[in-house]
Amino acid sequence: MSWQYSGSVTKSTTELQCLVNDVLLDPRFEKDDLLGFNASREKHRLDGYRTTSGAFSANNGWHELEVELHLPKERIMHDSEASTESFFVHGIWARSLTEVVKTAFQDIISHKYHWFPHQLFRRLSPLAPLEQMYTDVYNSDAMLEEHNEIQKMTRHPDDPPDLEYAVCALTVYSDSTHLAQFGTASLWPIHVLVANLSKYFRLKPTMFAAHHLAYVPTLPPAFFEWYKDLYGAPPSPAVIRLLKYDLMQKIWLELLDPQFMHTYVHGILVDCGDGVLRRLFPRIFLYSVDYPEKCLVACLKFLAKCACPECLIEKTDFDEMGTETDLQNCVVKRRVDSNVLHAAVAKAREWIFNLGRTPEGCNVKATVLNKVSITPTRSAFSIRFAKFKKNVYNLFVPDLMHEFELGVWKSTFTHLIRVLIAAGQDGVQMLDERFSRVRTFGRGVIRPFGGNISGMKKLAARDFEQILICSMPVFEGLLREPYNTIILDLIFQLACWHAYAKLMLHTEPTLGAFEATTVSLGKAMRRFVSKVCPAFHTKELLRETQSHQRRKAASLPKTAGQHATTSEDDSAAKVKTFNINTIKYHRMADYTCMIRRTGTSDNSNTQTGELEHRRLKSFYKRTNKNRSFGHQVATEVRRQAILDRISRGIPASSKRHKTQNRQTSTRLGRRDLRVRFEEQQPLSDTPLTDHHHMSIEQRYPENILDFMQTNTGDPACTDFLRDLKGHLLLRLRGGATIPADHEPTDADLACVRICANQLYRQKVLRVNYTTYNMRRSQDSINPQTHPDIMMVAPEGSTHPYLYARVIGLLHVNAYLAGDDLSGAEDTEPRAVQVLWVRWFDVDTRAPGIKSRRLPRLKWASTDDTPFGFIAPRQVLRTAQLIPAFNHGQSDTALPGPSIARQDDEDDIDWIDHYVGIFVDRDMFMHYCGDGVGHQNTTNNEAARPHANMDLNDELDPDILPQVDTEADAIVVDDTSADADVPDDYENLSSDVDGDMEDDSGTGSGSEHDNEGEWSTDDEDNLGPEDGENECLLSDEYEYAHMSYAPL
């Protein structure tokens, strides 16, 4: 313990526990091995750990680059660009891209690579047509086209006929990040990921699949001094912008060096980690960056007339997103990297450097560059790949995190707050209160909302995502009609679009629904702008006023700033209108084309890079924080990579099952059957093949008669024993032989015996299920924290699911008594696990999904059967139920105090609840249909594909992209419940210029770096409802814990 409190203050209790469990208690640990240990010497040896080839080749190390920038000056002529004065930018730490490719494919993980692309299809019935499925880069049309081109190439004369030619699929990510909470230290990394590896591995931070390629500097302060000394005046803003573009392009030209381009054309022989020699041809499919960096890499003018990196639609027409004209223009007006643009760039640079013209002057503006919003700098990707007929603009796919979650939705939510403020009364206060009452859900999917959501302080992308998921019940009724209806329609469409955009597996029907949703969303957004926005005089929020005041103060000269005072006009909030003529809104129509071309959006989402920033921030803490910290961070990255690969080659020690001090509950007079948080009941690992897992320990016994006597008068306990015995009768005799509507007689119930009249309280029920994308995942149910569940409804029901709230998790030892009083005919006692539940009824009066509303539930009436027992195997999943705040509270459904209510409900119920169908991807697919893995989750036609999604909008099929199915494919036949799983399936247990949004990504300081595995020892095997492992992002958990499941 004293070690923890010595030296660094960052040694947490978790780290101390890891030191004990993973090092000191490891059977392989030998104290004698540390005799003479010197940390500095060992790190030096680690840095020198290089071989002539393989994953740790010396050629794979980091080296420093420098690039030369030629400096133009207005009205100063030169003979040529090469003859102008130049400035060398140093401190560019980089690795050889060719060596990165070799390292990635020599790694032992390469045995999980997909060497040959393929397409996935499914068939719903023997006579139904094939439906293509889209999920990863290696089954995308883009990679299949590259593969076919390579196979048609003339083979290298020295290659044997059986040598495999394979595509090395690369995706690139880059973004600048702040390394410290205070100060200006920052790093601009470029990461490369190998898309031959499944995204369920590739996107996990703990897999270290992101290869750090380079750390990009900005223009250093010395440059400005050099320029001023050279020309006698500081560089103009136009020159600075030009040189920033030049710097990025010259860095990329160094990375795409002649060695890489030779490899691109002729391939490279690599002895891959699976022991097979192959010739690899690297191809870059995606470049994931936020919008400012898209402009920088693609050499586009920032927020200019033609602001889109993929098309030439003008910014004034961005508000027409989703219309037929817009969808046609997205195809007709595609950007093309043509020779005309190359010649125009060369001519413009000749004017700038040779004739001393202004980079953004009239001469340059008169060229075609200004018409298409291109800068007088040619992209490095165009220079390298245009001769191979590659269009550089196809690399820059939409970015869901920055463009929607931190873009369209954030700006929409912000304006909704402005509208509530303009409407007066207490709408904002009610909104904050309602959000604070929304329960958490799952493993970090919905986290606790603070008490000031409207303030939007330090919210990350995941926070805005969960705000969207829960917004409909919160906003309901805060404004008068017709504005309430319009806003709820808009939020529903935004949530529906977001759910489709985040699907990790798409089919042709879901893409068709996605396209229809995009059209409907465009209409809903324009209706909001035309009907709601003009009705309210909206002004800036306080934080927006303070932000523009700070920007204005920073823009003043220092001498003027010392005497400047804030005028009354500056301190007053300005009128703020809602703007949808933004690039982020416009790009919402591009997602379906991207998915068909390169796979689902998670392949290109910049969230992956934002998570990688955590490593950089942790490494920065280990540097001396001087100007050379970039090299030190690079060194730490390499050290960790070497140690990770070494550790994967060493057999892991056998797992140790930790023991817990068992505690018996000492609480007397217990009123309910819930196991409290402070009471211990760890579960062992749950096999993925099992449907559920609940303890059968007898640690927390409860006498049934005493329990009923203690709760006399509680409606929940009136028929407790009779209902329990009725349920046990079905279970003990076999439910298949007894009709579901059978009413047991007193004689039937009399033969059900419960040993010692004891029941045993349990804490957590884990439920495994197959997700829509054919993987296995897990929910955890705890009556104390996450009690709501859903089940498949009986055949013929009008709604596909039943809903209930779990009051208690129990097991009893029960048997059936025979007629012989001696007990000779009695059955053997057996442990029977049951869930005591309070039922919901679906409110058939509610509009429902067909009317763009969430399904609404009401409590089962006391005149019906409000309470009952079910078997754990009946549970399909946990459900997110959000109170219908606008409908108020009442105790009509359950008069008086009752143990059936949660501790925080004050003996009163919310009258209605809404089903959170958008809470995660799998839940959404249960309601919209077409979930490939949801074959046996419903017997109702009501849950068939899009039966409930009445979007009232149809797209003209003539303007939709056509899909080529003339390719090799893997067919998943949905007609068989035992369809084979393909062999390649793995098993794994700040506002800028108004339009741009804060791109802080996943936020700093709000998340942890630790990511769990399916079967872990460091959680005591507690479910998330026990308060454990709530730190993971929902996406991180999905990548960490899901495994492929047979259909």
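Each residue of the sequence shown is one higher than the one before, counting from 1 in full-length UniProt numbering. Quick reminder that beta carbons are idealized off the backbone N, C-alpha and C, glycines included.
Taking the alpha carbon of residue i as the reference point, which residue from the options has its own alpha carbon closest?
i	options	result
residue 1126	C751, A524 and A641	The chain is shown only over 1 to 1047; residue 1126 falls outside these bounds and no answer can be derived.
K333	M525, H78 and P309	P309
L816	T844, R766, G734 and D864	G734
L341	N391, R357 and N354	N391
Y591	V372, V397, W836 and N370	V397
L72	E66, W62, F87 and H63	Here residue 72 turns out to be Pro, not Leu, going by the sequence shown. Comparing Cα positions, the closest option is F87.
M321	P883, H913, R921 and T517	T517
N773	V932, V192, Q889 and K621	V932
F528	N579, Q549 and A501	N579
N139	P161, V428, H691 and A169	A169
K725	P701, C751 and H742	C751
P897	L821, C717 and Y914	C717
Q758	R384, N703, L732 and A82	N703
V832	H727, R95, C496 and S80	H727
F720	G808, V633, P794 and G796	G808
V875	S780, A846 and G929	S780
D904	W836, M525, S436 and P220	S436
P220	Y500, L19, I92 and F260	I92
K250	V297, V408 and T375	V297
residue 1049	G361, V764 and L243	A question about residue 1049 goes unanswered here, because the residues of the chain that appear run from 1 up to 1047.
T412	C299, E433, G232 and A495	A495
The alpha helix (DSSP H) with residue i in it runs from where to where?
i	result
Y245	P237 to L255
M261	P258 to H266
W859	Segment R856 to W859 is the beta strand (DSSP E) holding W859; no alpha helix (DSSP H) there.
E99	L97 to Q106
V428	G427 to S436
L724	F720 to R733
P473	S471 to F475
I807	Segment Y801 to L816 is the beta strand (DSSP E) holding I807; no alpha helix (DSSP H) there.
M923	R921 to C928
Which first and last residues belong to the beta strand (DSSP E) in which residue i is found?
i	result
T414	That residue, T414, is in no beta strand (DSSP E); its alpha helix (DSSP H) goes W409 to A423.
N757	V752 to Q762
T770	L765 to T770
R776	R775 to I781
T171	E164 to S174
S86	S86 to A94
I789	D788 to V792
H913	D912 to V915
V837	R830 to V842
Q698	No beta strand (DSSP E) contains Q698, which DSSP labels as neither H nor E.
V23	Careful: V23 lies outside any beta strand (DSSP E) and carries neither H nor E.
Please look up how many angstroms separate the CB atoms of residue i and residue j, rounded, as I've assumed it's under 8 Å.
i	j	result
Q328	R852	Q328 to R852, Cβ: 27 Å. No contact.
Y393	D317	With 8 Å as the limit, Y393 and D317 do not qualify as a contact, their Cβ atoms being about 18 Å apart.
Y291	I583	6 Å
L810	L673	6 Å
Q698	Y760	5 Å
T218	T600	Going by Cβ atoms, the distance from T218 to T600 rounds to 33 Å, so no, they are not a contact pair.
H191	S176	Incorrect: roughly 13 Å between the Cβ atoms, too far for contact.
L683	H691	About 15 Å separates the two Cβ atoms, so there is no contact after all.
D909	L857	Their Cβ separation, rounded to whole angstroms, is 12 Å, which puts D909 and L857 out of contact at 8 Å.
H498	L459	Going by Cβ atoms, the distance from H498 to L459 rounds to 16 Å, so no, they are not a contact pair.
| At what residue ranges does the stretch 188–226 contain a whole run of the beta strand (DSSP E), taking only runs of 3 or more? | 189–194 and 211–215
| message | Is it the case that the stretch 143–155 contacts the stretch 298–307, given that we only count it when at least three CB pairs across the two stretches are under 8 Å? | response | Counting Cβ pairs under 8 Å, fewer than three are found: no touch.
| request: Tell me the start and end of each unbroken beta strand (DSSP E) in the stretch 273–320 that is at least 3 residues and wholly inside, in chain order. | output: Positions of the beta strand (DSSP E) runs, each at least 3 residues long and wholly inside the stretch 273–320, are given as 277–288 in order along the chain.
| query | With a cut-off of 8 Å, do at least 3 Cβ pairs link the stretch 100–114 to the stretch 272–282? | reply | yes
| query | What are the uninterrupted segments assigned as alpha helix (DSSP H) that are 4 or more residues long and contained completely in the stretch 847–900, given in chain order? | reply | none
| query | Is there contact between the stretch 506–515 and the stretch 121–132, where contact requires at least three CB pairs shorter than 8 Å? | reply | Cβ pair count under 8 Å is three or more, so yes.
| query | Quick check: the stretch 766–782 against the stretch 888–896, are there 3 or more CB pairs under 8 Å? | reply | no
| query | Would you call the stretch 818–825 and the stretch 840–850 touching, i.e. three or more CB-CB distances under 8 Å? | reply | no
| request: Flag this pair as touching only if the stretch 864–884 and the stretch 785–793 have three or more C-beta atom pairs under 8 Å; answer yes or no. | output: yes
| Counting pairs of Cβ atoms below 8 Å between the stretch 349–362 and the stretch 281–288, do you hit three or more? | no
| message | Quick check: the stretch 411–426 against the stretch 434–448, are at least 3 beta-carbon pairs closer than 8 Å? | response | no
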